Amino acid sequence: MTVTALLALLLIIAPSLVVLIVSFTSGFSLKFPPPGYSARWYVELWNAWQLHFAARNSFVVAMWATILSIGLGVLAALAISKSRALSAKILDSLFMSPLVLPALAFGLSALMFFSLVGLPVSPLTLVIGHTVVCVPYVVRNTVASLAQLEPTLLESSAILGASRFYTFRRIVLPLIRPGVIAGAFIAFMSSFDNVPVSLFLRDAATDMLPIRMWQDLEGKLDVTIAALSGVLIMATVGLMAVMEHFTGLSRRLTS
Amino acid sequence: MNATATAGPAPGDVTKYSLGLAAPLALFFVVFFVAPLAQLLVLSFHNDAQGLIWGLGQYAKFLTDSFSLSVLGSTLVLGAEVTALCLVLGYPIAWLYHRVGGRTQTLIILIVLLPLLTSVVVRTFAWIVILGRQGIVNSTLLSLGIVGTPLRMLYTQGGLVVALAQVQMPLMTLPLITALGRIDPNLDDASCSLGAGSWRTFWRIILPLSMPGVIAGCTLTYAAAITAFITQSLVGGGQMLFMPMYLYQQASTLQNWPFAAAISMIFLLAVLAVMTAFGMLGRLSRADGDAR
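For the protein sequence lines, the chains are S and X, in the order given. Numbered by this note's numbering, the letters in the first sequence go through residues 5 to 259 in order. Numbered by this note's numbering, the letters in the second sequence go through residues 11 to 302 in order.
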């Protein structure tokens, strides 16, 4: 079992390592092992303004989608987490359903819906679409956090005379904050990497990074993409380390 | 003493929040999630591309077309293959997780989590690098003299299954870790002290008790594997067509919206059917466990 486990872990991590190594190649192709090492492709990346533009778009859309998800998702999580009513369970399933339904079908339907309603495709529609597929992560993590919140804390606070809002602000919010942040982190990454929804809801002005990369990959296997991938992998690892330190990300996902 | 009885907020349960707080998100979902899907459903009931004539023509077109059915079939089979591979590889990881110390546990989770948070394009690109003609597998095989010419692993079913398995592994492993964590460790010891070998303990005690986690993992992995548009098209190539790309081609390239809508609906139904099947398996396994 242990051997299989180690092999499986290697399988999981190997692609990221391979990309990182290949991105430092001095040659022109994706040959592994690389003929030599150099940072030239990172220099190329520095000059690739089209990729920068797409990256900035992805970042801005992800920020807005995450902010919207936090606003809507935390409120919803508060409402459904401690309730045992049937309506709460139905709402829970509804809010989680974007996670399991094909995002491509949703993207298509969103595009048609917006054209029917008369809203042209724009950054706004893109943010709305991303929010739908990202808010489940915020809801799920916030609900999990709230589940671990001791009800007696709320009761004690009420007995001591605090208003509902004061209790929320000074007791509940600080305690669920790590969970909310963990959920927001996953929501952000999910939006940044999203392809299916972005494919349908973008226009010329909102070129998104994963789609830009995909199109470059289909056209030519450019080593600049390897450098970009290297940057993204390193950024993801860095962010994960930060999140792990501040919110105990790993514990949240396995409880 | 009297003062404390009157101090405090209005009567009612202070540990719960009113369901009305979920209203903004619920409204948001109804408008931007339910309505579009409902519209998609309505559109799929049109017989012509302009959406003027009502009928079940699009569904008939799909269900009587052997090509469409083969696309659906190969997609469902792909999901099964990927789920099976993920289960076989992911279970040992979850098993190992509960036998190591705290810091190693964190490391394992972060390794498992990395593919989930990395861009799907990056992950798929990595597999192109590994499986390509000049990639690592071929380089190793060539240098060891096992093969004379580079093997074609990209654009094959096998390569696609492995690539998808790596991409979806976190979805299988994380629920398994949770499920295995819920099993009382004393059961393991008790079984051993009663004379069962470790394999017997595993098969008869641990595996059945971890079934809810297995079911949860399989459900998530299956759903994700069959909707994995980018990996299917980049690693699978143009020769192998699956439902997501089929859908995209009909909608985007051919502008055949009603047919694309019908494909979406059939695809959605297929995913829901598989998930319900898994769910029923889950209930069966739980009932079994309780009865014992």
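For every residue, glycine included, the Cβ atom is placed at its ideal position computed from N, Cα and C. Here the structure is a predicted model, which is why all the values come from computation and not from measurement.
**Item:** First and last residue of the uninterrupted alpha helix (DSSP H) at I163 (chain S)
**Value:** The residue you call residue 163 (chain S) lines up with position 159 of the first sequence. It spans P155 to I163 - the alpha helix (DSSP H) in which I163 (chain S) sits, taken as one unbroken run.
**Request:** Measure from the alpha carbon of S265 (chain S) to the alpha carbon of each residue in S:E154, S:L205, S:D207 and S:V235, then state which is nearest.
**Result:** Examination of residue 265 (chain S) is not possible in this model, given that chain S is present from 5 through 259 alone.
**H134 (chain S) in three-state terms, based on DSSP** = As a first step, residue 134 (chain S) must be located in the first sequence, where it is residue number 130. Of the three classes helix, strand and coil, the one that applies to H134 (chain S) here is helix, per DSSP.
**Prompt:** Which residues of chain S have a Cβ atom closer than 7 angstroms to the Cβ of P34 (chain X), listed in chain order?
**Reply:** Against the second sequence, residue 34 (chain X) aligns to sequence position 24. Those within 7 angstroms of P34 (chain X) in chain S are L76 and L79.
**Message:** According to DSSP, H56 (chain X) sits in a beta bridge with which residue or residues?
**Reply:** Mapped onto the second sequence, residue 56 (chain X) falls at position 46. In the DSSP output, where bridge partners are listed per residue, H56 (chain X) has X:W64.
**Prompt:** So F189 (chain S) is in the alpha helix (DSSP H); what residue range does that whole segment cover?
**Reply:** Start at 1 with the first residue of the first sequence, and residue 189 (chain S) comes out as number 185. F189 (chain S) -> alpha helix (DSSP H) spans L177 to F196.
**Message:** Any C-beta of chain A within less than 8 angstroms: which residues of the segment 22-53 of chain S qualify?
**Reply:** Among the protein chains in the structure shown, which are S and X, there is no chain A.
**Near-chain S residues of the segment 275-289 of chain X - C-beta to any C-beta below 7 angstroms** = F277, L278, V281 and M285
**Message:** The alpha helix (DSSP H) that contains W45 (chain S), what's its start and end?
**Reply:** Position 41 of the first sequence holds residue 45 (chain S). Segment R44 to N51, the alpha helix (DSSP H) holding W45 (chain S).
**Message:** Could you check whether the segment 137-156 of chain X touches the segment 194-204 of chain X, counting it as contact only if at least three pairs of C-beta atoms, one from each stretch, sit closer than 8 angstroms?
**Reply:** no
**C-beta contact flag for L120 (chain S) and S202 (chain S) at 9 angstroms** = Mapped onto the first sequence, residue 120 (chain S) falls at position 116. Mapped onto the first sequence, residue 202 (chain S) falls at position 198. Not a contact, by the Cβ cut-off of 9 angstroms.
**Item:** Identity of the residue in X:I156, X:L127 and X:L219 nearest D198 (chain X) by Cα
**Value:** Within the second sequence, the letter at position 188 stands for residue 198 (chain X). Minimum Cα distance to D198 (chain X) is reached at X:L219.
**Request:** Select from the segment 221-240 of chain X all residues with a C-beta closer than 7 angstroms to any C-beta belonging to chain S, and list them in chain order.
**Result:** A233, T237, F239 and I240
**Asked** Can you tell which of X:L117, X:I156 and X:G145 has its C-alpha closest to the C-alpha of V22 (chain S)?
**Response** By one-based count along the first sequence, residue 22 (chain S) stands at place 18. The candidate whose alpha carbon is nearest that of V22 (chain S) is X:G145.
**Asked** Should A301 (chain X) be labelled buried (16 or more other beta-carbon atoms within 10 Å of its own) or exposed?
**Response** The sequence position of residue 301 (chain X) within the second sequence is 291, counting from 1. Since pLDDT at A301 (chain X) reaches only 40, below the 50 mark, its modelled position is unreliable, and the value read off the structure follows with that caveat. Flag for A301 (chain X) reads exposed.
**Item:** 9 angstroms Cβ cutoff, M5 (chain S) in contact with chain X
**Value:** The count along the first sequence starts at 1 and reaches residue 5 (chain S) at position 1. Yes, its Cβ sits closer than 9 angstroms to a Cβ of chain X.
**Request:** Label R174 (chain S) either buried or exposed according to how many other C-beta atoms from any shown protein chain fall within 10 Å of its C-beta, with 16 as the threshold for buried.
**Result:** Walking along the first sequence from the start, residue 174 (chain S) turns up at place 170. So R174 (chain S) ends up on the exposed side.
**Prompt:** Taking buried to mean at least 16 other C-beta atoms within 10 Å of its own C-beta, is L279 (chain X) buried or exposed?
**Reply:** Numbered from its first residue, the second sequence carries residue 279 (chain X) at position 269. L279 (chain X) is classed as exposed because its beta carbon has fewer than 16 other beta carbons within 10 Å across all chains shown.
**Asked** Nearest to A80 (chain S) by CA position, among X:M255, X:S203 and X:A32, is which residue?
**Response** The sequence position of residue 80 (chain S) within the first sequence is 76, counting from 1. Cα-wise, what sits closest to A80 (chain S) is X:A32.
**Prompt:** Just the Cα atoms here: how many angstroms apart are V136 (chain S) and A114 (chain S)?
**Reply:** As a first step, residue 136 (chain S) is located in the first sequence; it is residue number 132 there, counting from the start. As a first step, residue 114 (chain S) is located in the first sequence; it is residue number 110 there, counting from the start. A114 (chain S) has its alpha-carbon roughly 10 angstroms from the corresponding atom of V136 (chain S).
**Asked** Are the C-beta of I215 (chain X) and some C-beta of chain S separated by less than 9 angstroms?
**Response** Position 205 of the second sequence holds residue 215 (chain X). No, because no Cβ of chain S sits closer than 9 angstroms to the Cβ of I215 (chain X).
**Message:** Can you check whether the C-beta of M244 (chain S) is within less than 9 angstroms of a C-beta belonging to chain X?
**Reply:** Looking up residue 244 (chain S) in the first sequence gives position 240. Under the Cβ distance rule, M244 (chain S) counts among the residues neighbouring chain X, one pair being separated by less than 9 angstroms.
**Message:** Considering Cα atoms alone, identify which of S:D226, S:R255 and S:N198 is closest to V130 (chain X).
**Reply:** As a first step, residue 130 (chain X) is located in the second sequence; it is residue number 120 there, counting from the start. Residue S:N198 is the option with its Cα nearest to V130 (chain X).
**Prompt:** How do the segment 280-291 of chain X and the segment 229-237 of chain X stand: do at least 3 beta-carbon pairs fall below 8 angstroms, yes or no?
**Reply:** yes
**Prompt:** Can you tell me the Cα-Cα spacing of G242 (chain S) and L13 (chain S), whole angstroms?
**Reply:** As a position in the first sequence, residue 242 (chain S) is number 238, starting the count at 1. As a position in the first sequence, residue 13 (chain S) is number 9, starting the count at 1. One C-alpha to the other measures close to 19 angstroms.
**Asked** Between G18 (chain X) and chain S, is there a C-beta pair that is closer than 9 angstroms?
**Response** Numbered from its first residue, the second sequence carries residue 18 (chain X) at position 8. Legend: pLDDT at G18 (chain X) = 33, less than 50; position of this residue unreliable, value from coordinates given subsequently. Closer than 9 angstroms: yes.
**Request:** Express the C-alpha separation of P140 (chain S) and S194 (chain S) in angstroms, rounding to a whole number.
**Result:** Working through the first sequence from its first residue, we reach residue 194 (chain S) at position 190. Working through the first sequence from its first residue, we reach residue 140 (chain S) at position 136. Near 11 angstroms, if we compare the C-alpha coordinates of P140 (chain S) and S194 (chain S).
**Asked** With respect to the alpha helix (DSSP H) encompassing I16 (chain S), which residues constitute its N-terminal and C-terminal limits?
**Response** For this step, residue 16 (chain S) is matched to residue 12 along the first sequence. Element bounds for I16 (chain S): T6 to V26.
**Message:** Let me check one thing: in DSSP terms, what residues is Y41 (chain S) bridge-paired to?
**Reply:** Within the first sequence, the letter at position 37 stands for residue 41 (chain S). Its beta-bridge partners are S:T29.
**Message:** Can you pull the chain X neighbours of D197 (chain S), defined as C-beta to C-beta under 7 angstroms?
**Reply:** Within the first sequence, the letter at position 193 stands for residue 197 (chain S). Taking a Cβ-Cβ cut-off of 7 angstroms, the neighbours of D197 (chain S) in chain X comprise S129 and V130, given in sequence order.
**Item:** For Q152 (chain S), three-class secondary structure by DSSP
**Value:** What you label residue 152 (chain S) is simply residue 148 of the first sequence in a count that begins at 1. Q152 (chain S) falls in the coil class under three-state DSSP.
**Asked** Does the beta carbon of N12 (chain X) come closer than 9 angstroms to any beta carbon on chain S?
**Response** Residue 12 (chain X) sits at position 2 when you count from the first residue of the second sequence. In this prediction, N12 (chain X) scores a pLDDT of 43, lower than 50, which makes its location untrustworthy; the coordinate-derived value is nonetheless stated afterwards. For N12 (chain X), the answer is no, since every Cβ of chain S falls outside 9 angstroms of its Cβ.
**Asked** Is the beta carbon of V184 (chain S) sitting closer than 9 angstroms to the one on V142 (chain S)?
**Response** As a first step, residue 184 (chain S) is located in the first sequence; it is residue number 180 there, counting from the start. As a first step, residue 142 (chain S) is located in the first sequence; it is residue number 138 there, counting from the start. Cβ distance < 9 angstroms, so V184 (chain S) and V142 (chain S) count as in contact.
**Item:** Closer than 9 angstroms at the beta carbon, the chain S residues around M179 (chain X)
**Value:** Counting from one through the second sequence, the residue named residue 179 (chain X) turns up at place 169. Neighbours of M179 (chain X) on chain S, chain order: A12, L15 and I16.
**Message:** Which same chain residues end up closer than 8 angstroms to I240 (chain X) when comparing Cβ atoms and leaving out the 5 residues on each side of it in sequence?
**Reply:** The residue given as residue 240 (chain X) occupies position 230 in the second sequence. Taken in chain order, the residues that qualify are V130, V131 and T134.
**Request:** Assign T146 (chain S) to one of three DSSP states: helix, strand, or coil.
**Result:** Your numbering for residue 146 (chain S) matches position 142 in the first sequence. Note: T146 (chain S) maps to helix in three-state DSSP.
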